[in-house]
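Numbering (my numbering), first residue to last: 23 to 443.
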Amino acid sequence: MKETSFMTVIPADEEDLRPEKLIERISQSRIVKVYGSERDMSDENSPISLKISIDDRNYTVNLSMAEPDFPDFFRTVHFFSDLDFQKIEKIEKALTVEIDYTDDFVASYHDQLKIINCLVPDKLAVVDLPSEKILSGKWVKLAAESDIPPAPRYLYTAQAITNDSGEVWIHSHGLRRCGLPDLEILGSNRDMAQVHYQILENAAIHMIDEERCPEEGEPTLLARLAEGVPMITVLADWEDALKLYPDATVGTEDDRDEYHAEGTKVIMLYLNAEDMENGKISRIQELDKYLGRNTMFMISHKETERMRSLARERIDYVCKVSDQLDSGVEVLMKLGLRVDDEYLQPETDPDEQREHIWFTLKAVEQDEEGPIFICELMQEPYYVKAMQKGSTGSFRVTDVTDWAIFRDEKKYTPDDAYLIG
23 MKETSFMTVI
33 PADEEDLRPE
43 KLIERISQSR
53 IVKVYGSERD
63 MSDENSPISL
73 KISIDDRNYT
83 VNLSMAEPDF
93 PDFFRTVHFF
103 SDLDFQKIEK
113 IEKALTVEID
123 YTDDFVASYH
133 DQLKIINCLV
143 PDKLAVVDLP
153 SEKILSGKWV
163 KLAAESDIPP
173 APRYLYTAQA
183 ITNDSGEVWI
193 HSHGLRRCGL
203 PDLEILGSNR
213 DMAQVHYQIL
223 ENAAIHMIDE
233 ERCPEEGEPT
243 LLARLAEGVP
253 MITVLADWED
263 ALKLYPDATV
273 GTEDDRDEYH
283 AEGTKVIMLY
293 LNAEDMENGK
303 ISRIQELDKY
313 LGRNTMFMIS
323 HKETERMRSL
333 ARERIDYVCK
343 VSDQLDSGVE
353 VLMKLGLRVD
363 DEYLQPETDP
373 DEQREHIWFT
383 LKAVEQDEEG
393 PIFICELMQE
403 PYYVKAMQKG
413 STGSFRVTDV
423 TDWAIFRDEK
433 KYTPDDAYLI
443 G
């Protein structure tokens with residue numbers, strides 16, 4: 023099932039793709055260690071094969087020349103100016119970089135960006151073929167030069183296919199390069215598609231974090247919903263799932279070419295312990311009435327730590343806009359609240375047992391230890407009884423897990439903070 027990860031680099035200058043320049047740059051890198059290369063010296067356009075390692079992860083990197091291609095259905099996930107597109111349109115030669123991922127999927131994705139950044143430092147865009155995304159060259163440089171890997175969501179894309187009836191079939195692309203199945207949700211609609219997308223996103227991130235696909239019939243506690251209802255998901259073959267969607271008009275067998283008929287699983291539910299024991303699955307829509315109201319998805323410690331590290335690395339962006347909070351700028355901050363003693367797990371450090379929850383930033387103060395964030399709680403916590411929606415508190419950088427800046431009808435996160443200026 024595991025597929026090769028292909029990315030195509032659009033250079034700012036086609037001369038940067040000359041084979042001797044590519045080999046010279048990557049050979050001089052302090053990040054990438056090259057211990058072998060092969061190419062046909064008589065043909066300037068012949069493929070190049072490199073044996074490399076990054077932090078003890080070994081890869082065979084295959085390089086080949088290609089024509090730039092931007093399929094209409096590919097998603098542009100970063101901002102490109104009109105000038106950027108004008109420059110891209112003039113480029114006639116691109117570089118395809120292909121590697122097979124290790125079992126550390128996020129690290130391998132990060133490594134592929136590092137390899138690209140070494141090979142072509144000045145790039146306009148990168149086309150990530152497995153996830154069908156177009157990445158900004160500026161973002162690739164920022165991500166490659168950071169010690170913190172990109173978010174797992176970069177490894178895949180979720181697409182929504184609909185028809186005149188308003189039914190929506192949501193399915194992913196990109197997970198197969200990790201040796202994981204792509205995921206689907208059947209029977210959605212235009213009102214619920216965004217909420218169902220969040221379910222698919224968190225199920226994908228869970229697999230990436232665990233570095234494996236759940237076994238057949240294996241339950242996953244994916245979220246806690248309103249009124250304390252647990253969301254326990256299970257993956258099913260699409261043929262079995264469709265039996266519970268007899269009225270489906272999209273995502274049916276007729277809609278599936280060979281690619282969408284293999285290597286894919288549908289997200290379903292176990293509604294109770296008896297269903298788990300008997301292997302009885304239910305449609306995801308059985309919990310629709312609880313969704314969108316104080317839903318808390320289960321985020322792993324690994325992903326929380328990655329988000330926290332990136333948010334703290336780029337916290338200066340929050341401080342810089344804090345004087346604009348009364349001028350149309352809004353900042354949300356996800357902060358880690360220490361859970362009440364009754365919820366502590368004795369085998370884990372109490373200081374690490376936190377409920378991560380969103381606040382609105384009201385002000386930033388400074389003292390000799392650094393910034394102090396004055397924030398107002400946006401939702402009810404589950405495990406911190408002393409705090410309620412609307413409660414205000416003072417927090418340090420060490421409490422920050424994530425943040426988002428809203429300015430001029432645009433959202434900026436630690437991931438794309440370079441766009442704030």
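Glycine included, every Cβ here is placed at the ideal spot set by N, Cα and C.
- Annotation: L151 to M29 spans about 6 angstroms, alpha carbon to alpha carbon.
- In the three-state reduction of the DSSP assignment, R429 falls in the strand class, which pools E and B.
- By the criterion of a C-beta distance shorter than 6 angstroms, D231 is surrounded in its chain by S322, K324 and E325, once the five residues flanking it on both sides are discounted.
- Taking a 10 Å sphere around the C-beta of S103, we find fewer than 16 other C-beta atoms and assign the residue as exposed.
- If you look at V386, you'll find it in the beta strand (DSSP E) that goes R376 to D389.
- If you look at A88, you'll find it in the beta strand (DSSP E) that goes R79 to A88.
- Comparing C-alpha distances from V99 to each of T179, E111, Y405 and D91 shows the shortest one belongs to T179.
- Annotated three-state conformation of K136 is helix, per DSSP.
- In the three-state scheme derived from DSSP, where H, G and I count as helix and E and B as strand, L205 is classed as strand.
- The DSSP assignment places complete alpha helix (DSSP H) segments of no fewer than 4 residues inside the segment 281–308 at 295–300, in order along the chain.
- Residue pairing by DSSP places I396 opposite A385 and S416 in a beta bridge.
- Taking the Cα of I74 as reference, the smallest distance to any Cα among L141, K163, A116 and K43 is reached at L141.
- For F28, the uninterrupted beta strand (DSSP E) segment begins and ends at S27 to P33.
- Taking C-beta separations shorter than 8 angstroms and ignoring five residues to either side along the sequence, the partners of I53 in its chain run I76, K136 and C140, following chain order.
- Only residues of its own chain outside the window of five on either side were considered, and among them A182 and V190 have a CB closer than 6 angstroms to the CB of A215, listed in chain order.
- Residue burial is scored here from C-beta neighbours: T420 has fewer than 16 other C-beta atoms within 10 angstroms and is therefore classed as exposed.
- Across the set K302, D186 and D133, the C-alpha of D133 shows the shortest separation from the C-alpha of R79.
- Around the beta-carbon of T414, fewer than 16 other beta-carbon atoms lie within 10 Å, marking it exposed.
- The DSSP-derived three-state label of F101 is coil.
- For P41, no beta strand (DSSP E) run applies; the uninterrupted alpha helix (DSSP H) run containing it begins and ends at P41 to S49, by DSSP.
- Comparing C-alpha distances from C341 to each of Q375, S331, I396 and L309 shows the shortest one belongs to I396.
- Note on geometry: alpha-carbon atoms of T271 and D204 lie some 20 angstroms from one another.
- Spatial neighbours of D144 in its own chain (CB-CB distance under 6 angstroms, excluding positions within 5 residues in sequence) are listed in chain order as A34.
- Per DSSP, M329 is one residue of the alpha helix (DSSP H) stretching across H323 to E335.
- According to the DSSP assignment, Y57 belongs to the beta strand (DSSP E) that extends over K55 to R61.
- Following the DSSP letters along the chain, one finds M253 inside the beta strand (DSSP E) bounded by residues P252 to A258.
- Annotation for E402: no alpha helix (DSSP H) segment contains it, and DSSP assigns it neither H nor E.
- By the CB criterion at 8 angstroms, W161 and D438 fall inside the cutoff.
- Counting other Cβ atoms within 10 Å of its Cβ, T255 reaches 16 or more and is therefore classed as buried.
- Under the three-state reduction of DSSP, S344 is assigned to helix.
- Here P368 is exposed, its C-beta having fewer than 16 other C-beta atoms within 10 Å.
- When secondary structure is reduced to three states using DSSP, F319 falls in the strand class.
- As summarised for the segment 144–222, the continuous beta strand (DSSP E) elements at least 3 residues long and confined to that stretch are 145–150, 155–158, 179–184, 189–195 and 204–211, given in chain order.
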